[in-house]
Amino acid sequence: MDQIKQYLPGIWVAAIVGLAALFLSQHYGAPAMLFALLLGIALSFLYEETKCKAGIEFTACHILRIGVALLGLRIAFGDLAALGWKTALLLVVAIASTILIGIVLARAMGLQKRFGVLTGGAVGICGASAAMAVSAVLPDGKNKDRDTLLTIIGVTSLSTIAMVLYPIIAGVLNLDETSTSIFLGGTIHDVAQVVGAGYSVSEQTGDLATLTKLVRVAFLMPVVLCILLVLRLNMKHVGDGKPPGVPGFLIAFVVLMTVNSVIDVPQAITSGATEVSRFALVISIAAIGMKSNLKSLLEVGSKPIILLVTETVWIAGLILLSLPYL
Numbered sequence: 003m004d005q006i007k008q009y010l011p012g013i014w015v016a017a018i019v020g021l022a023a024l025f026l027s028q029h030y031g032a033p034a035m036l037f038a039l040l041l042g043i044a045l046s047f048l049y050e051e052t053k054c055k056a057g058i059e060f061t062a063c064h065i066l067r068i069g070v071a072l073l074g075l076r077i078a079f080g081d082l083a084a085l086g087w088k089t090a091l092l093l094v095v096a097i098a099s100t101i102l103i104g105i106v107l108a109r110a111m112g113l114q115k116r117f118g119v120l121t122g123g124a125v126g127i128c129g130a131s132a133a134m135a136v137s138a139v140l141p142d143g144k145n146k147d148r149d150t151l152l153t154i155i156g157v158t159s160l161s162t163i164a165m166v167l168y169p170i171i172a173g174v175l176n177l178d179e180t181s182t183s184i185f186l187g188g189t190i191h192d193v194a195q196v197v198g199a200g201y202s203v204s205e206q207t208g209d210l211a212t213l214t215k216l217v218r219v220a221f222l223m224p225v226v227l228c229i230l231l232v233l234r235l236n237m238k239h240v241g242d243g244k245p246p247g248v249p250g251f252l253i254a255f256v257v258l259m260t261v262n263s264v265i266d267v268p269q270a271i272t273s274g275a276t277e278v279s280r281f282a283l284v285i286s287i288a289a290i291g292m293k294s295n296l297k298s299l300l301e302v303g304s305k306p307i308i309l310l311v312t313e314t315v316w317i318a319g320l321i322l323l324s325l326p327y328l
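Read in order, the letters of the sequence shown correspond to residues 3 to 328 in the working numbering.
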């Protein structure tokens with residue numbers, strides 16, 4: 003009970019910031035996660051030597067994992083079959099190549115390889131949600147929170163730009179409804195922005211673009227498991243501590259996805275789980291913002307931005323060039 007009381011102040015603060023971010027998002031049209039980050043950064047003093055510190059840590063770690071796990075109820079194995087094997091294969095290639103490009107460019111720019119994995123996973127899969135899931139399994143390091151924060155800010159901003167720009171590009175290129183849907187769902191980073199872009203074109207485009215995006219989200223857990231496997235092999239090779247095990251939130255994600263695939267889960271439950279997941283992720287990002295050091299963010303320079311923009315251009319170009327072959 004004493005431990006719960008220790009966590010409550012920080013959890014309440016993060017929840018209030020999350021509610022404020024959702025309110026601002028509804029009234030001003032910008033992503034809730036971006037508002038949560040900015041508000042969290044503004045309140046970062048609460049993380050320093052206050053009663054809120056333990057609860058902020060708990061929110062940034064454990065509530066984050068609950069939010070990622072609940073994403074499993076949004077996806078079913080049947081989504082892959084409905085999209086077709088060619089499109090699914092294209093998405094696999096797009097995700098894998100974007101992560102690889104991220105690693106190669108990060109090393110070339112003098113950044114850590116893990117930062118390339120983090121940004122590549124965020125751009126290739128599902129934006130801020132993927133960034134947080136990948137960050138949750140990466141080894142703790144001096145700049146881990148800073149890198150996560152940079153990635154979330156970058157992919158959220160780029161996703162918002164893409165939501166406005168990509169439907170215009172599709173129109174200029176005279177893409178048909180199916181090609182437009184695959185382009186939007188296969189390239190825009192965050193689910194909310196895919197929905198916004200798709201339904202701004204037509205209802206049918208919105209439906210198929212959202213389905214395409216959810217298939218990308220389905221690859222989140224295989225990618226994270228691959229990262230864990232590489233970490234285990236690397237740590238065994240160098241003898242650097244105990245290799246990481248499979249986190250419970252990954253197992254929960256797979257279980258929930260399997261349940262959603264074999265059982266007709268009522269819409270009320272899936273909708274409720276989606277809202278809980280969204281709120282958990284928003285308050286987790288607020289907590290990550292509170293843990294941030296603004297000075298360290300400003301010292302990073304332009305390299306992370308160049309890396310994120312390059313990855314974004316890569317996946318968009320790859321999908322566009324592949325559309326005639328689907």
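C-beta atoms are modelled at their ideal positions from N, C-alpha and C, and glycine is treated no differently.
These numbers were taken from a predicted model, which means no experiment stands behind them.
In the three-state reduction of the DSSP assignment, Lys-144 falls in the coil class.
Here the region 34 to 50 does not lie against the region 219 to 228, with fewer than 3 beta-carbon pairs under 8 Å apart.
Measuring C-alpha to C-alpha distances from Val-157 to each of Leu-323, Thr-312 and Leu-322 identifies Thr-312 as the nearest. The alpha-carbon of Leu-75 is positioned some 12 Å away from that of Arg-280. Between Thr-189 and Gly-200 the beta-carbon gap is near 12 Å, outside 8 Å, which marks them as no contact. For Asn-262, the secondary structure class from DSSP, reduced to helix, strand or coil, is helix. Separation of Leu-85 and Thr-214 (C-alpha to C-alpha, rounded to the nearest whole angstrom) is 7 Å. Counting C-beta pairs with one atom in each stretch, the region 270 to 284 and the region 10 to 29 have three or more that are closer than 8 Å, which means they touch. When DSSP states are grouped into helix, strand and coil, Ser-294 belongs to the coil group. Contact annotation: Leu-66 and Met-134 have beta-carbon atoms nearer than 7 Å.
If you draw a 10 Å sphere on the C-beta of Arg-109, you find fewer than 16 other C-beta atoms in it, and that means exposed. Note on Thr-260: under 16 other CB atoms within 10 angstroms of its CB, so exposed under the neighbour-count rule.
The Cβ atoms of Ala-254 and Ala-71 lie closer than 7 Å to each other. Under the three-state reduction of DSSP, Ser-304 is assigned to coil, being neither helix nor strand.
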